[in-house]
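Top to bottom, those sequences are chains A and B. Residue 104 in the numbering used here sits at position 12 of the first sequence, and the numbers go up by one each step. Residue 19 in the numbering used here sits at position 3 of the second sequence, and the numbers go up by one each step. All C-beta atoms, glycine included, are put in the ideal place defined by N, C-alpha and C. Before any comments, here is the structure.
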Amino acid sequence: MNIFRLAGDMTHLLSVLVLLLKIHTIKSCAGISLKTQELYAVVFATRYLDIFTSYISPYNTMMKLIFLGSSFSIVWYMRYHKIVRRSYDKDQDTFRPYILMLPCLILALLINEKFTFKEISTSFFLFVMWTFSLYLEAVAILPQLVMLQRTRNIDNLTGQYVFLLGAYRALYILNWIYRYFTEEHFVHWITWISGLVQTLLYADFFYYYFQSWKNNVKLQLPA
Amino acid sequence: EKEKDAHDEL
Chain A
93 MNIFRLAGDM THLLSVLVLL LKIHTIKSCA GISLKTQELY AVVFATRYLD IFTSYISPYN
153 TMMKLIFLGS SFSIVWYMRY HKIVRRSYDK DQDTFRPYIL MLPCLILALL INEKFTFKEI
213 STSFFLFVMW TFSLYLEAVA ILPQLVMLQR TRNIDNLTGQ YVFLLGAYRA LYILNWIYRY
273 FTEEHFVHWI TWISGLVQTL LYADFFYYYF QSWKNNVKLQ LPA
Chain B
17 EKEKDAHDEL
């Protein structure tokens, strides 16, 4: 564990808490894309399949449970909570999740660190699911970014949520650089490339977020 | 063992 990775995990945790705070206290999910939240639930479900089989540390297990619990409860709130669901604007949230999930699944079958298609074993299945979750996480924010461009006035909590979500993966990139130089044979191209793509997708959001902070004006993304 | 360290991150 290094400072970049810890900062990344804490930023990720904070982003989830900001979103839960918004939904739980003001009982509103205005401006939040349910599609992105569902994709994130799938990301965590497919990434943490081995939560009970491969134990790393108390911290690792606790964080996995928090991310699984929070992502599924956010989806539950937005779908079934009688007050929250009323503030969900499904006409603005039109991105079709399958056009993201299918290519990621095919890509995970073709490009993963095992490459051996022949041994259809559980470990191969877990590996493909884990790789799928990496690719899916890289693009999971797209429905939310599209929705932000359609929602004229983005409220502060939503802006902070997206900013923290983007910042966490940027910190992970610093973590990978640090681990590359401090641990021998720590090379994971698949993780690095998908993490880089993920962070680059936030580039224009970061730009407008910074501009709105610097000029102290409301955050707005150009349509 | 190498795979392990790939999955030691969240």
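Below-8 Å beta-carbon distance, residue i vs any chain B residue
i, result
"Ile198(A)", "no"
"Asn152(A)", "yes"
"Met155(A)", "yes"
"Trp281(A)", "no"
"Trp305(A)", "no"
"Trp222(A)", "yes"
"Ser146(A)", "yes"
Cβ neighbours of residue i in the same chain (closer than 6 Å, five flanking residues each side left out)
i, result
"Ala99(A)", "Leu263"
"Ser225(A)", "Val135, Thr138, Arg139"
"Leu313(A)", "Leu240, Gln241, Tyr300"
"Leu257(A)", "Ser107"
"Glu276(A)", "none"
Candidates the options, of which the one nearest residue i by Cα
i, options, result
"Val134(A)", "Ser120(A), Val167(A), Pro150(A), Ile115(A)", "Val167(A)"
"Gln184(A)", "Gly161(A), Asp142(A), Gln236(A), Met170(A)", "Gln236(A)"
"Gln290(A)", "Glu229(A), Thr274(A), Asn308(A)", "Glu229(A)"
"Leu141(A)", "Thr214(A), Lys310(A), Leu293(A)", "Thr214(A)"
"Lys206(A)", "Leu218(A), Tyr190(A), Gly123(A), Leu197(A)", "Leu218(A)"
"Tyr132(A)", "Ile95(A), Thr145(A), Tyr151(A), Leu192(A)", "Leu192(A)"
Cβ-based neighbour list, residue i, same chain, cut-off 8 Å, excluding 5 preceding and 5 following
i, result
"Leu126(A)", "Val167, Met170, Arg171, Tyr180, Lys182, Asp185"
Any chain A beta carbon closer than 8 Å to residue i
i, result
"Glu17(B)", "In this prediction, Glu17(B) has a pLDDT of 44, which is less than 50 and means its spatial position is unreliable; what the coordinates show is noted afterwards. Chain A, which has no Cβ nearer than 8 Å to the Cβ of Glu17(B), makes this no."
"Asp24(B)", "yes"
beta-carbon residue i near the ligand COA non-hydrogen atom, thresh 7 Å
i, result
"Phe273(A)", "Annotation note on the ligand COA: not contained in the displayed structure, which lists no ligands."
Same chain, Cβ closer than 7 Å to residue i, five either side skipped, listed in chain order
i, result
"Tyr190(A)", "none"
- Message: Tell me which residues of the segment 158-173 of chain A have at least one Cβ-Cβ distance to chain B shorter than 9 Å, keeping chain order.
- Response: Phe159
- Can you give me, in chain order, the residues of the segment 94-125 of chain A that have a beta carbon less than 8 Å from any beta carbon in chain B? Arg97, Asp101, His104
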